[in-house]
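Novice:
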Amino acid sequence: MAADTRTTADAAMDAASLYREEIVTDRKVGTIRVLVPLTAQGTPDPARKTIYSGEAQIMTNMGALPVSFDIEADTLAAAVAAYGDAAREGIERTMRELQDLRRQASSGLIVPPAGAAAALTGGGLGGMPGGGKIQLP
Numbered sequence: 001m002a003a004d005t006r007t008t009a010d011a012a013m014d015a016a017s018l019y020r021e022e023i024v025t026d027r028k029v030g031t032i033r034v035l036v037p038l039t040a041q042g043t044p045d046p047a048r049k050t051i052y053s054g055e056a057q058i059m060t061n062m063g064a065l066p067v068s069f070d071i072e073a074d075t076l077a078a079a080v081a082a083y084g085d086a087a088r089e090g091i092e093r094t095m096r097e098l099q100d101l102r103r104q105a106s107s108g109l110i111v112p113p114a115g116a117a118a119a120l121t122g123g124g125l126g127g128m129p130g131g132g133k134i135q136l137p
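Using the numbering used here, the letters of the sequence shown map in sequence onto residues 1 to 137.
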């Protein structure tokens, strides 16, 4: 999904994209958010499809991490039946993203800003002040 670049000045709601949100849970495993499309008058909009979105949590060393995922279904019963597979895919995707973030963080190079070496050496070329005598073979 693309990042939303609108500002608070663009905070007008889109009357053609309204949904009523309902939350369904079994109080054990997870939650399904049912997004029912509405017209601007608040009546169900049969021209658009109901959206089912699942939510779960995974435990990390930093605590519980919420995971959201879409469930491809046409009815609530089908969404409940598909919850497990969709949750597994959502958790796997989240774990891959976490691994990528860890890999990026661990391989990040720290590059000093331009001119930093000159500031350390008193503005000239050469090594650190003091002219050390250590030589590598």
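Idealized CB from N, CA, C, for every residue including glycine.
No experiment lies behind these values; they were computed from the predicted model shown.
What residues are listed by DSSP as bridge partners for Arg48?
Specialist: DSSP, once it has assigned bridges, lists no residue as partnering Arg48.
Novice: Taking the DSSP output, what are the residues bridged to Glu21?
Specialist: Paired residues: Leu35.
Novice: From which residue to which residue does the alpha helix (DSSP H) around Val67 run?
Specialist: Per DSSP, Val67 belongs to no alpha helix (DSSP H); it is in the beta strand (DSSP E), 63–71.
Novice: If you draw a straight line from the alpha carbon of Asp14 to that of Pro44, how long is it in whole angstroms?
Specialist: Going by the C-alpha atoms only, they are around 16 Å apart.
Novice: Helix, strand or coil: which one does DSSP assign to Ser107?
Specialist: Looking at Ser107 - three-state DSSP - the assignment turns out to be coil, as it is neither helix nor strand.
Novice: Near Ile23, which residues of its chain fall below 7 Å by C-beta distance, leaving aside the five closest residues on each side in sequence?
Specialist: So the list reads Thr31, Arg33, once near-sequence residues are dropped.
Novice: Is it true that the region 35–54 meets the region 65–80, where meeting means three or more beta-carbon pairs spaced less than 8 Å apart?
Specialist: Contact between the region 35–54 and the region 65–80 is present, because at least three Cβ pairs lie under 8 Å.
Novice: Hey, how far is the Cα of Leu101 from the Cα of Gln41?
Specialist: Approximately 44 Å, taken between the alpha carbons.
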